[in-house]
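Heads up, the thing below is written out as structure tokens.
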Amino acid sequence: MSSVTISLVMLGKFGLTAAFAIVYPVSAELYPTILRNTALGTCSMASKVSTISAPYILYS
140 MSSVTISLVM LGKFGLTAAF AIVYPVSAEL YPTILRNTAL GTCSMASKVS
190 TISAPYILYS
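Under the working numbering, the residue at position 19 of the sequence shown is numbered 158, and the numbers go up by one with no gaps.
Now the structure itself:
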């Protein structure tokens, strides 16, 4: 791989990491206090399931 490709990949990974660092605190503020733990758990589960299933969807 060329150095430009590697640089773009690393920049993309940095952007994803920064986005995840922002998503959790913001999504916690979207839900009322009573539902906050359940909603964050459900959102986290949905993100993990989609992460696991993405390669199967893309490569099938």
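The beta-carbon is built from N, C-alpha and C at its ideal position, and this holds for glycine as well.
Asked, Found
"A167 and L155 closer than 8 angstroms at C-beta", "no"
"Nearest residue (CA-CA) to M184, options L147, M140, L197 and Y163", "Y163"
"Boundaries (first-last residue) of the alpha helix (DSSP H) holding S183", "R175 to L197"
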